[in-house]
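In this note's numbering, the protein residues as written are 12 to 374. Don't be surprised by glycine CBs; every beta carbon is placed ideally from N, CA and C. Scroll down for the structure; my scribbles are underneath it.
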């Protein structure tokens, strides 16, 4: 069974896809490579660091039929990532997923709390590419952060059942990507969590810093680009000197253990080093610390209500009213790309999961 390093392959394809139109000075892009569809802002959990639940409005969500029409418009090479909220809160999400898997490659981001044995069979038999599963600690730590007793054991069970299903089908997919946010509550057990993830046979351990800007991948969406272009990010949650020291020690252990492998991924890219972490928690990160971003030449995001946005909360159109092709290279999307190309990044881009800390090898 051959398993490609999908993370490296994804990075190289993303670079190539966005590189030519950007360096040519064009604000027009090739058809989108990555399509993120947030099917709901609702969630079954109450995570301590989450900001989305307050925006949930079931009455405004796109219908199953509207989401299918969006999927039908996409190029064959587009990879669809379903996110939320928690996608499985929607009663019709399984129908949406089956429809999408029959037509293209897909990823899912989930907390795994509602995933069933039947879902796992669908993931494996349907050819799901990657399942990203949130896991922020061991045992009670994860349950406390996520606000549900017993969730940790549920998540571990899903991981084990996914591996067993892959073995039965003799396939490496879906790849299992464990997604962890570094918080004060878990900072001293990150290495133990990493070792556990290795022992469970997961394919990736994605370690992230908390977001600094609520206008990344979130409502409300603005029609005036200056509302998001010129706004500064928030300061990170305060870490004590001991917390920061513990994080540096934990990341050092993880990096040393990962030296010969490819399981570890960092968001923002390459920031988990002393200089990057000290700047982050000291509130000293600026756009000059990051590389030029080309993600808006490859990524399109769609909210549960059909609002289309590039990454920042800048409305470029409605996927319910307009075609994806019209929006993708429409006036508003091209204006966003033009501003990014001229500025390198916006102040609010600091801390974005797609941002690349200078000196790294990211997108």
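As assigned by DSSP and simplified to three states, the class of residue i
{"i": "residue 202", "result": "helix"}
{"i": "residue 127", "result": "coil"}
{"i": "residue 188", "result": "strand"}
{"i": "residue 334", "result": "coil"}
{"i": "residue 232", "result": "coil"}
{"i": "residue 301", "result": "strand"}
{"i": "residue 377", "result": "Not covered by the structure: residue 377. The range shown for the chain is 12 to 374."}
{"i": "residue 357", "result": "coil"}
{"i": "residue 286", "result": "helix"}
{"i": "residue 241", "result": "coil"}
{"i": "residue 137", "result": "helix"}
{"i": "residue 42", "result": "coil"}
{"i": "residue 132", "result": "helix"}
Enclosing beta strand (DSSP E) for residue i [first to last residue]
{"i": "residue 216", "result": "215-219"}
{"i": "residue 276", "result": "275-278"}
Residue span of the alpha helix (DSSP H) that contains residue i, given as start and end
{"i": "residue 255", "result": "252-268"}
{"i": "residue 166", "result": "162-180"}
{"i": "residue 344", "result": "342-354"}
{"i": "residue 77", "result": "75-84"}
{"i": "residue 108", "result": "104-112"}
{"i": "residue 7", "result": "Here the chain comprises residues numbered 12 to 374, so residue 7 is not present and cannot be evaluated."}
{"i": "residue 37", "result": "Taken as a continuous stretch (DSSP letters only), residue 37 belongs to no alpha helix (DSSP H), as it is neither H nor E."}
{"i": "residue 157", "result": "151-157"}
Strand pairing of residue i, partner residues [DSSP]
{"i": "residue 312", "result": "47 and 320"}
{"i": "residue 92", "result": "47 and 118"}
{"i": "residue 144", "result": "121 and 189"}
{"i": "residue 367", "result": "280"}
Residue-level contact to chain B via CB, residue i, 7 Å cutoff
{"i": "residue 352", "result": "The displayed structure is made up of one protein chain only, and chain B is not part of it."}
- Message: Taking 8 Å as the cut-off, does the region 361-371 touch the region 274-291 (at least 3 CB pairs, one atom from each stretch)?
- Response: yes
- Quick one: any contact between the region 210-219 and the region 183-192, if contact means 3 or more CB pairs under 8 Å? yes
- Message: Within 8 Å, do at least three Cβ pairs link the region 158-171 to the region 103-115?
- Response: no
- Message: Pairs of beta-carbons, one from the region 45-58 and one from the region 71-89, closer than 8 Å: are there three or more?
- Response: yes
- Query: Are the region 350-364 and the region 304-318 touching, with three or more C-beta to C-beta distances below 8 Å?
  - Reply: yes
- Task: Report yes or no: do three or more beta-carbon pairs, one from the region 329-337 and one from the region 307-320, lie closer than 8 Å?
- Result: yes
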